[in-house]
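What follows is a set of notes on a single structure, which appears directly below.
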Amino acid sequence: MSGPHLDADHELRIAKAQRLLRDAAGGMHSRAFVNVGDVIPVDHEAGYLRGHGTQPVKEELLATVCGVVERVNKLVSVRPLRARYNAETGDVVVGRVTEVGGNRWKVDVNSRKDAELLLAAVNLPGGIQRRRTAIDELNMRDLYVENDLISAEVQSLHQDGSLHLHTRSLKYGKLRNGQLVRVAPYLIKRLKQHFHQLKDLGVDLILGCNGFIWISAASPGNKDNLPGSVATSASAVVGESPLQFEVRERICRLANSVRVLGALGLLISPDSIMQTYEASLLWEVPVKDMLSADFYVKLAEKEAEQRMKR
Amino acid sequence: MGALSAAEVSYIEGGIAQNLRSDGRGRLDFRNISIVTGVIPQASGSARCKVGGTDVMVSVKAELGSPPKGRPTHGGMMIKIECSPTAAPEFEGRGGEELSLELTRGLERSFLGGPNGSGAAIDLSSLRIVDGKTCWVLCIDGLVLSSDGNLLDALSIAIKAALTNTGLPKVEIVAGETGDEDPEFEVDDEESSQLDISNVPIIITLTKVGKHYFVDATAEEELQMKSAVSVAVNRKGVICGVTKRGGDGLDPSVIIDMISVAQQIALTYIPALDLQIAAAESVDPDS
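First to last, the protein sequences are chains A and B. Start counting the first sequence at 101; every next residue gets the next number (the numbering used here). Start counting the second sequence at 111; every next residue gets the next number (the numbering used here).
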């Protein structure tokens with residue numbers, strides 16, 4: 101997502117904030133970051149192995165993508181920043197079901213290929229054991245149908261770039277009562293926890309490693325009702341009690357916080373989201389004005405100021 | 111833009127009912143708009159308009175042509191909208207044609223006036239050069255670069271900005287103003303005159319989901335659209351065109367209600383837009 105339209109005054113302020121941010125990052129910034137066609141310094145005498153995102157041109161090694169130079173022993177590669185999601189085993193992801201068929205669901209997780217979720221890799225409602233029957237496969241639509249949003253974990257990666265998911269825990273499964281916000285996957289770092297319950301706000305947050313962020317009303321009660329628990333049939337949505345206005349406002353405010361952070365290219369973590377959320381309250385910015393140029397610039401300035409202090 | 115899950119549909123509908131949409135807007139709030147004019151140097155006038163994630167570009171090219179049949183004192187105007195495949199993969203090949211046609215129709219209805227040319231956005235008689243022989247023809251071409259809902263409104267704003275930006279070159283008739291021979295001209299690109307854009311309308315689309323209607327729908331909200339009414343309103347608050355989209359029927363009283371709401375909104379919205387267009391015009395493209 102690109103930022104809002106800036107007028108001349110905002111332009112100046114954002115440029116200043118960006119300069120500060122660059123200074124705060126220190127000298128390493130310029131060395132680690134390359135544009136397309138930049139020369140990557142390598143030790144020619146000791147030799148090197150060229151990895152993804154590089155190309156040798158006349159004795160020199162050039163970058164073919166914009167990104168961060170990574171070196172592992174002799175291997176030199178460039179990790180692109182703006183790329184599709186690169187999965188790793190164990191990642192928590194949020195995805196959308198695109199296809200139901202055979203014994204698997206296909207799930208769009210913003211990767212190069214749709215991920216596969218095998219029927220054998222899900223928890224059936226009520227925790228009953230799956231008997232491998234054809235009826236089982238016919239009833240797959242009771243669990244997830246096309247376009248459903250689900251949370252899942254990456255189970256395995258394959259040679260051809262495809263990946264398998266599983267939802268073999270109560271915390272994974274169908275998502276409801278909230279909204280999805282998409283950001284660039286590189287903004288989300290892998291943490292110990294990707295499911296967060298913002299208790300004071302009554303809001304649950306799932307930071308999918310693939311850049312899909314799910315913000316929803318806290319599920320009431322105990323573990324049985326964690327986001328996407330076993331009550332997964334499509335009919336469960338109908339007849340649900342409507343969201344309270346205050347909760348919806350908090351969801352919107354959090355969602356807009358994420359959108360602004362995403363537009364500014366700042367890391368998205370529970371902390372940064374909460375800081376943005378609180379800043380918006382402190383500055384008394386109405387929810388709908390959080391995507392305006394003014395808030396965008398103010399937030400960049402605040403971030404620059406904070407980093408300079410460190 | 112794919113479809114939404116049942117849970118998202120009920121969430122969005124609930125938000126519209128509670129007057130708090132997914133991005134925090136109320137039902138009658140617009141997204142941030144940015145307007146840049148003079149983006150295409152070859153055109154007589156051009157503008158690019160972004161409404162949230164929607165991005166459209168419009169160029170106006172003034173060409174010498176012959177007046178429409180039966181209206182020798184008028185100039186011509188035509189509109190063509192195209193959807194770029196960069197906006198959505200569905201638009202690739204012939205995929206965008208249906209939507210392009212729908213948008214073109216909606217704009218033609220609002221901007222081109224009746225069959226005799228009266229009521230058009232631009233006074234067509236101001237485009238005349240030699241009666242019955244030569245006149246200016248304004249070709250308005252729109253391109254949808256990115257689609258996040260509310261395309262028709264964004265295009266109408268971009269057209270208004272592009273027309274503001276348009277300069278008609280000065281034409282001197284060298285020979286053949288009267289008589290049977292073909293006229294000859296000298297076109298002076300250095301000197302140009304502005305068009306009178308005081309009657310150019312903008313379109314306000316009210317989308318109806320559930321019992322409520324709202325302005326400036328996002329792509330997600332448009333997916334659930336039952337019906338929508340697009341109302342073209344000019345600066346005086348006069349309705350220049352009404353287009354209904356979507357299959358769901360509407361009660362006549364609701365339509366009248368929607369039209370008057372659109373009119374009210376436009377009366378406050380147009381002056382703000384005019385300021386923004388004027389600001390975009392005052393920015394020197396070379397600086």
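Glycine included, each C-beta is placed from N, C-alpha and C at the ideal position.
Thinking C-alpha only, which one of the options is nearest residue i?
i              : options                           : result
G155 (chain B) : B:H322, B:R345, B:A272 and B:L114 : B:A272
F185 (chain A) : A:G195, A:S269 and A:G311         : For clarity, residue 185 (chain A) is Tyr in the given sequence; the question names Phe instead. Ranking the options by Cα distance to Y185 (chain A), first place goes to A:G311.
G147 (chain A) : A:Q155, A:A132 and A:V176         : A:V176
K388 (chain A) : A:Q293, A:G190 and A:R359         : A:R359
M188 (chain B) : B:S392, B:D384 and B:A231         : B:A231
V281 (chain B) : B:N142, B:T315, B:E301 and B:A117 : B:E301
P177 (chain B) : B:V393, B:S236, B:V310 and B:I250 : B:S236
Y272 (chain A) : A:R150, A:G190, A:Q406 and A:E378 : A:G190
F133 (chain A) : A:V168, A:Q155 and A:D143         : A:V168
I145 (chain B) : B:L316, B:T274, B:S220 and B:L377 : B:T274
A215 (chain A) : A:K206, A:K158 and A:E403         : A:K206
M167 (chain B) : B:A197, B:N142 and B:D384         : B:A197
I387 (chain B) : B:A157, B:L217 and B:R215         : B:A157
V165 (chain A) : A:R212, A:N239 and A:P180         : A:P180
G359 (chain B) : B:D165, B:T164, B:G320 and B:G175 : B:G320
E218 (chain B) : B:G186, B:I239, B:V119 and B:E202 : B:G186
V170 (chain B) : B:S194, B:G252 and B:A117         : B:G252
L305 (chain B) : B:C350, B:N344 and B:L248         : B:L248
K160 (chain B) : B:W246, B:T147 and B:A153         : B:T147
Pop quiz: residue i and residue j are said to be a contact at Cβ under 8 Å. What is the actual Cβ separation, rounded to whole angstroms?
i              : j              : result
K354 (chain B) : S337 (chain B) : 6 Å
R181 (chain B) : G227 (chain B) : 5 Å
G362 (chain A) : W314 (chain A) : Actually they are not in contact, since the Cβ atoms of G362 (chain A) and W314 (chain A) sit about 14 Å apart, beyond 8 Å.
L316 (chain B) : V325 (chain B) : 6 Å
E330 (chain B) : S115 (chain B) : Going by Cβ atoms, the distance from E330 (chain B) to S115 (chain B) rounds to 11 Å, so no, they are not a contact pair.
R268 (chain A) : V222 (chain A) : 7 Å
L261 (chain B) : T378 (chain B) : Rounded, the Cβ-Cβ distance is 22 Å, inconsistent with contact.
List the residues of chain A that residue i touches, going by C-beta distances under 9 Å, in chain order.
i              : result
Y379 (chain B) : Under the 9 Å cutoff, chain A gives no residues; its nearest Cβ is about 15 Å from Y379 (chain B).
G242 (chain B) : None at all; the shortest Cβ gap to chain A is about 46 Å.
G356 (chain B) : Correct list: empty, because the minimum Cβ distance to chain A is about 20 Å.
Run down chain D in chain order and give the residues with a C-beta less than 8 Å from the C-beta of residue i.
i              : result
N142 (chain B) : Among the chains of the structure shown, chain D does not appear; the protein chains present are A and B.
Find the residues of chain B that neighbour residue i, judging by a C-beta separation of less than 9 Å, and give them in chain order.
i              : result
K116 (chain A) : What K116 (chain A) touches in chain B: nothing, since even the nearest Cβ is about 20 Å away.
A355 (chain A) : S132, D133 and G134
Since residue i is in the beta strand (DSSP E), which residue starts that stretch and which ends it?
i              : result
D208 (chain A) : R204 to D208
S316 (chain A) : F312 to A317
F140 (chain B) : From DSSP, F140 (chain B) is part of no beta strand (DSSP E); its letter is neither H nor E.
S256 (chain A) : L249 to L257
C350 (chain B) : I349 to R355
K160 (chain B) : G155 to V161
L316 (chain B) : I312 to V319
S236 (chain B) : Note, S236 (chain B): premise wrong, no beta strand (DSSP E); not H, not E.
R171 (chain A) : G167 to V172
Given that residue i touches chain A, what residues does it touch there, using C-beta distances under 8 Å?
i              : result
Y323 (chain B) : Result: empty, since nearest Cβ-Cβ is about 18 Å, beyond 8 Å.
K160 (chain B) : H105
G347 (chain B) : Neighbours of G347 (chain B) on chain A: none; closest Cβ ~25 Å, over 8 Å.
Mind pulling the chain B residues with CB within less than 8 Å of residue i?
i              : result
F345 (chain A) : Q128 and L130
D248 (chain A) : S115, A116 and A117
K388 (chain A) : D133, G134, R135, G136 and D139
N310 (chain A) : Here the premise fails: no neighbours, minimum Cβ distance about 16 Å.
P342 (chain A) : G124, A127 and Q128
N210 (chain A) : Those within 8 Å of N210 (chain A) in chain B number zero; the least Cβ separation is about 12 Å.
R348 (chain A) : G124, G125, Q128 and L130
Q293 (chain A) : None at all; the shortest Cβ gap to chain B is about 23 Å.
Specify, as a first and last residue, the run of the alpha helix (DSSP H) that residue i falls within.
i              : result
C245 (chain B) : C245 (chain B) -> not in any alpha helix (DSSP H); beta strand (DSSP E) instead, spanning T244 to S256.
A234 (chain A) : A234 to L238
C352 (chain A) : F345 to L364
L385 (chain B) : P362 to S392
E403 (chain A) : A393 to K409
M374 (chain A) : P370 to L382
F221 (chain B) : E207 to F221
K270 (chain B) : L261 to N275
A116 (chain B) : A116 to A127
L472 (chain B) : No answer is possible for residue 472 (chain B): it lies beyond the span of chain B, which begins at 111 and ends at 397.
Could you tell me which chain B residues have their CB closer than 7 Å to the CB of residue i, listed as they occur along the chain?
i              : result
R276 (chain A) : A117
C166 (chain A) : Per Cβ cutoff of 7 Å: no residues; C166 (chain A) is ~19 Å from chain B at best.
List, in order along the chain, the chain A residues whose C-beta lies closer than 7 Å to that of residue i?
i              : result
G148 (chain B) : By Cβ distance, chain A contributes nothing, its closest Cβ being about 16 Å from G148 (chain B), past 7 Å.
D320 (chain B) : Going by the sequence as given, residue 320 (chain B) is Gly instead of Asp. Correct list: empty, because the minimum Cβ distance to chain A is about 12 Å.
| query | Using 8 Å as the Cβ pair cut-off and three pairs as the minimum, do the segment 214 to 229 of chain B and the segment 116 to 131 of chain B touch? | reply | Contact fails: fewer than three Cβ-Cβ distances are below 8 Å.
Report yes or no: do the segment 245 to 263 of chain B and the segment 194 to 210 of chain B share at least 3 C-beta pairs separated by less than 8 Å? Between the segment 245 to 263 of chain B and the segment 194 to 210 of chain B there are three or more inter-stretch CB-CB distances shorter than 8 Å, so the stretches are counted as touching.
**Asked** Are the segment 225 to 234 of chain A and the segment 187 to 201 of chain A touching, with three or more C-beta to C-beta distances below 8 Å?
**Response** Judged by Cβ distances under 8 Å, the segment 225 to 234 of chain A makes no contact with the segment 187 to 201 of chain A, as fewer than three pairs qualify.
Review point. Just checking, does the segment 103 to 117 of chain A make contact with the segment 385 to 405 of chain A on the three C-beta pairs under 8 Å criterion?
Key: Yes, since at least three Cβ pairs between the segment 103 to 117 of chain A and the segment 385 to 405 of chain A fall closer than 8 Å, the two stretches touch.
**Report entry** Segment contact, 8 Å Cβ cut-off, at least three pairs: the segment 343 to 357 of chain A with the segment 297 to 310 of chain A
**Finding:** Verdict: yes, contact present.
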